[in-house]
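In what follows, a single structure is set out as structure tokens and then discussed.
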Amino acid sequence: MPPPYSNVAYQFGRNLYSIFQKINGPPSHGPHEVQKFENLIKSFGFLGASGFQVGNYHGKYSQVEFYPTSPWTRLDPRCELADVLFVAYDTKQMRISFLQAKSKVHTKPFPIWVANTEQFIVLSHRPTITRWLGAAVWNNDVLSKAILPSIGSFGTFTGVPGGSVDFTYSSADCLVPRGAPKAGGKYISGLFDLSYPPAIGRKDVSSFYERTYCPNMIDFGTAIFSLEIGSPISCLGSPLDSNVSALNARIALSRWASQESIRSPNDLILKGLLDSPHLIDLPSEQTNGHNLLGAKHVVVIKANA
């Protein structure tokens, strides 16, 4: 059985939700979907005012190419990888998750996602990337060799008109298509919902606890602070330390963090990340140039699992 969440983890989740509600404004005047996502990212950044160590950094979308999967992709599939990369760590472990934020169709019995099916394939099937478009620094097998499926994830904003807005999270592999994909537009789209009742949402995989579904923002914040969302790329004293794909992922993150710290030398969140036992001290020539992480935003959380 997974251990109970700590009071600090619950407080992290409650604070995240409370800040989001204040930023998002009155329900009757709520912003559109894109602004809701931006408000969620801002809410993580504001958690520092309540004593948590969280950093929010601007990134840049990076498209990826991979082998086709009919009928869900085009013959030459290409899509954006993620809206946000979450990096959560403590003194023993570090996890990452690429998350796509989507709009909902309805909320009963639980939300249905509207998604670009190529994004669904890349995050749920986790293929080997054949090409990175842009200056992304990840290894091609960062998804395919991940220990846990929640390295790829989806989230949606839920609620009813005039009511409060909330956020539902799911590991991408827990989504299933409902009906045939719809082609003919800019990209192939489809409807997706969960493959099982949401009560089954916390499991032990390869000695790592993983939260695969969170019905609300409080649970999502609690789980990510407890290092139960995302795939581990470092776990001190475990076989993961000698895993080549995980090592390459740590190098990629080290390159990004080193370059960001040059731009912001007084950023304590970046300093803590670089000083953690998970990242690697690289020579300066390996941190030059644009080292991007394939997401519009990067959220770094010093966790307390």
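So the numbering used here is basically just the index in the sequence shown, starting at one, shifted up by 694.
Backbone N, C-alpha and C define an ideal beta-carbon position, used for all residues, glycine too.
For residue j and residue i, believed in contact at Cβ under 8 Å, the rounded distance
i: L964; j: G742; result: Their Cβ separation, rounded to whole angstroms, is 13 Å, which puts L964 and G742 out of contact at 8 Å.
i: G884; j: A951; result: Not really, about 36 Å apart at Cβ, beyond 8 Å.
i: S932; j: H972; result: About 12 Å separates the two Cβ atoms, so there is no contact after all.
i: V702; j: I995; result: Their Cβ separation, rounded to whole angstroms, is 12 Å, which puts V702 and I995 out of contact at 8 Å.
i: Y783; j: S970; result: 6 Å
i: S925; j: S844; result: 6 Å
i: L779; j: L987; result: 5 Å
i: F902; j: L842; result: 6 Å
i: S700; j: N998; result: 7 Å
i: G895; j: Q747; result: Between Q747 and G895 the Cβ distance is about 26 Å, and since that is not below 8 Å, they are no contact.
Alpha-carbon spacing of residue i relative to residue j, whole angstroms
i: V993; j: P909; result: 21 Å
i: F740; j: S764; result: 43 Å
i: A874; j: F760; result: 21 Å
i: D887; j: W807; result: 6 Å
i: K786; j: F706; result: 20 Å
i: S958; j: A840; result: 30 Å
i: S722; j: Y755; result: With a pLDDT of 49 at S722, under the threshold of 50, the predicted position of this residue should be treated as unreliable, though the coordinate-derived value follows. When rounded, the distance between both Cα atoms is 31 Å.
i: Y881; j: Y907; result: 27 Å
i: L775; j: P697; result: 32 Å
i: R944; j: I974; result: 7 Å
i: N846; j: L869; result: Residue identity check: residue 846 is Gly in the sequence provided, not Asn. Roughly 11 Å separates the two Cα atoms.
i: T852; j: H726; result: 12 Å
i: T811; j: P977; result: 40 Å
Chain-order list of residues whose beta-carbon lies under 6 Å from that of residue i (same chain, five-residue window excluded)
i: Y876; result: One detail in the question is off: residue 876 reads as Lys in this sequence, not Tyr. S883, listed in sequence order.
i: W832; result: A946
i: L769; result: P762
Sequence-distant residues of the same chain with beta carbon closer than 8 Å to residue i, five excluded per side
i: D777; result: F731, L793, Q794, A795, A989, K990 and H991
i: W766; result: T811, E812, F814, I815, P871, P875, I882 and G884
Same chain, Cβ closer than 7 Å to residue i, five either side skipped, listed in chain order
i: D835; result: T822 and S939
i: A917; result: R905, C908 and I923
i: L734; result: F714 and F861
Continuous beta strand (DSSP E) stretch holding residue i: start and end
i: Q757; result: Q757 to E759
i: I912; result: Run containing I912: none in the beta strand (DSSP E); it sits in the alpha helix (DSSP H), M911 to F919.
First through last residue of the alpha helix (DSSP H) which encompasses residue i
i: K730; result: E727 to F740
i: W1004; result: Nothing about residue 1004 can be read from this structure; the chain reaches only from 695 to 999.
i: N872; result: What sits at residue 872 in the sequence shown is Arg, not Asn. Counting along the chain, R872 falls outside any alpha helix (DSSP H), and DSSP gives it neither H nor E.
i: G966; result: L962 to D969
i: R825; result: Element bounds for R825: not the alpha helix (DSSP H) but the beta strand (DSSP E), R825 to L827.
i: S712; result: N701 to N718
Inter-stretch contact (C-beta, 8 Å, three-pair minimum) for the region 943-950 and the region 813-823: no
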